[in-house]
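Asks: Sharing a structure, written as structure tokens. Questions coming.
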Amino acid sequence: MDYILSEWMPVSLAKLEEVKKIKFELSSSDNSDWGMNTPGYFCLDDLEYTPVSKTE
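Here is the structure:
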């Protein structure tokens, strides 16, 4: 089944320890010889983080 999500999907990152970066990879169930046929983008909202001071 091919579909595009129309509602927010909450994701909690609370269990992650100290993180230096977050990487997103997109995939689709609808592909052709040239790649994804569905839109390859997403929205990110209300990301909360606490900066860590650098200590040497």
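Positions in the sequence shown are counted from 1; adding 20 to them yields the working numbering. Idealized CB from N, CA, C, for every residue including glycine.
Helix, strand or coil: which one does DSSP assign to Asn51?
Replies: Asn51: strand per DSSP, three-state reduction.
Asks: Starting from Met56, follow its DSSP beta bridges and name the residues at the other end.
Replies: According to DSSP, which records beta bridges pairwise, Met56 is partnered with Asn51.
Asks: To the nearest angstrom, how far is the alpha carbon of Thr58 from that of Tyr69?
Replies: Taking the straight line from one Cα to the other gives about 31 Å.
Asks: Excluding five sequence neighbours on each side, which residues of the same chain lie with their C-beta closer than 8 Å to the C-beta of Ile24?
Replies: Closer than 8 Å at Cβ, skipping near neighbours: Thr58, Pro59.
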